[in-house]
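Reading the sequence shown from the start, the letters are residues 327 to 544 in our numbering.
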Amino acid sequence: MLAELSDRLHLRTRGYQILENLHGNFGRVLLVKDLQDGAKKVVKYPNPKIVCYYNFAEGGLRGFVDDDLPERIEHIETEIEVLRRLSGVKGIARMLEHSKIPVSWFYSLFNILCYNPRNEKYFSLSKKQARQQALEKMRRFVTCREVPMIVKQYIKGRQLGEGLGNRGYSNKIRGKENQEFLLNAIRAMHEKGINWKDPYERNIIITEDGKPWIVDIG
Numbered sequence: 327m328l329a330e331l332s333d334r335l336h337l338r339t340r341g342y343q344i345l346e347n348l349h350g351n352f353g354r355v356l357l358v359k360d361l362q363d364g365a366k367k368v369v370k371y372p373n374p375k376i377v378c379y380y381n382f383a384e385g386g387l388r389g390f391v392d393d394d395l396p397e398r399i400e401h402i403e404t405e406i407e408v409l410r411r412l413s414g415v416k417g418i419a420r421m422l423e424h425s426k427i428p429v430s431w432f433y434s435l436f437n438i439l440c441y442n443p444r445n446e447k448y449f450s451l452s453k454k455q456a457r458q459q460a461l462e463k464m465r466r467f468v469t470c471r472e473v474p475m476i477v478k479q480y481i482k483g484r485q486l487g488e489g490l491g492n493r494g495y496s497n498k499i500r501g502k503e504n505q506e507f508l509l510n511a512i513r514a515m516h517e518k519g520i521n522w523k524d525p526y527e528r529n530i531i532i533t534e535d536g537k538p539w540i541v542d543i544g
């Protein structure tokens with residue numbers, strides 16, 4: 327699975343090896359190894375969620391759902407611009423590079439699911455309407471020739487509020503110095519006119535030395 331994903335994203339030709347799928351919401355997040363220096367890094371790109379529903383009883387397309395790839399692309403492009411503006415700010419995982427990947431590989435990620443006639447409320451369209459809607463969504467989809475990809479600094483540690491790490495270090499922000507470390511990062515965002523949209527515990531990593539790092543600015 328990871329090897330196939332690496333080929334589709336052309337990551338090995340870019341000098342990266344996938345170590346783990348870290349999932350993600352608007353963006354799929356991968357932990358990778360830089361094949362030149364051996365350093366761990368994070369790769370993020372729009373998360374494809376495209377689903378075809380197939381009615382096996384009638385033998386045809388019943389409905390089509392996607393998560394609006396253009397919106398996901400815009401989300402990642404906005405993150406690229408924000409990280410560029412925050413370059414050099416301590417306490418925020420920095421962007422190392424960004425590039426484009428071909429959109430064609432998304433087609434192989436379709437999931438065919440069995441239509442459940444008892445779930446009619448999700449499929450109120452006629453077959454003709456569903457087919458037309460599917461074609462329209464596909465037309466919008468194929469206009470996106472490339473999608474953005476970010477390579478970010480990997481911050482090793484535990485999510486805030488997650489419990490003790492493998493080495494027993496705390497998951498809490500301890501000490502005035504470390505609290506100030508986080509506040510300075512947030513203050514830098516505000517000074518640059520950036521609103522942190524996702525101030526959740528999962529987006530703050532506590533490193534072994536107790537410092538809180540913001541790893542996702544939303």
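Built from N, CA and C at the ideal position, the CB exists for glycine as well.
Query: Would you check if the distance between the CB atom of ILE427 and the CB atom of MET475 is smaller than 8 Å?; Result: yes
Query: So the beta strand (DSSP E) VAL331 belongs to, where does it begin and stop?; Result: At residue 331 the sequence reads Leu, which differs from the Val that was named. Careful: LEU331 lies outside any beta strand (DSSP E), inside the alpha helix (DSSP H) at 328–335.
Query: Starting from GLU346, follow its DSSP beta bridges and name the residues at the other end.; Result: LEU357
Query: So which of LYS537, GLU517, TRP522 and LEU331 has the shortest CA-CA distance to ARG354?; Result: LEU331
Query: ALA419 and GLN479 - do their beta-carbons sit closer together than 8 Å?; Result: yes
Query: Excluding the 5 residues preceding and the 5 following ILE344 in the sequence, name in chain order all residues of the same chain whose CB lies nearer than 7 Å to its CB.; Result: LEU328, LEU331, SER332, LEU337, LEU356 and VAL358
Query: Can the beta-carbon of ARG513 be found less than 8 Å from the beta-carbon of GLN485?; Result: no
Query: My output table needs one value for ILE399: the three-state DSSP class, helix, strand or coil.; Result: helix
Query: If I follow the unbroken beta strand (DSSP E) through GLU472, where does it start and stop?; Result: 472–479
Query: How big is the Cα-Cα spacing for ALA365 and LYS482?; Result: 12 Å
Query: Three-state secondary structure (DSSP) at GLU534?; Result: coil
Query: So for LYS502, helix, strand or coil by DSSP?; Result: helix
Query: Are the beta-carbon atoms of VAL369 and ALA511 separated by less than 8 Å?; Result: no
Query: Alpha carbon to alpha carbon, how far is ILE543 from LEU422? Give it in angstroms, no decimals.; Result: 15 Å
Query: Comparing alpha-carbon positions, which option in GLU517, HIS424 and HIS349 lies nearest VAL477?; Result: HIS424
Query: Could you check which residue in PHE352, THR533, ILE399 and ASN521 has the C-alpha nearest to that of GLU472?; Result: ILE399
Query: Taking DSSP as the reference, what is the three-state secondary structure of LEU422?; Result: strand
Query: For GLY417, count the other beta carbons within 10 Å of its own beta carbon; 16 or more makes it buried, fewer makes it exposed. Which is it?; Result: buried
Query: Tell me the rounded alpha-carbon separation between GLU405 and ASN373.; Result: 14 Å
Query: Alpha carbon to alpha carbon, what distance is there between PRO525 and VAL541?; Result: 10 Å
Query: Taking the continuous beta strand (DSSP E) assigned at LYS367, which residues delimit it?; Result: 366–372
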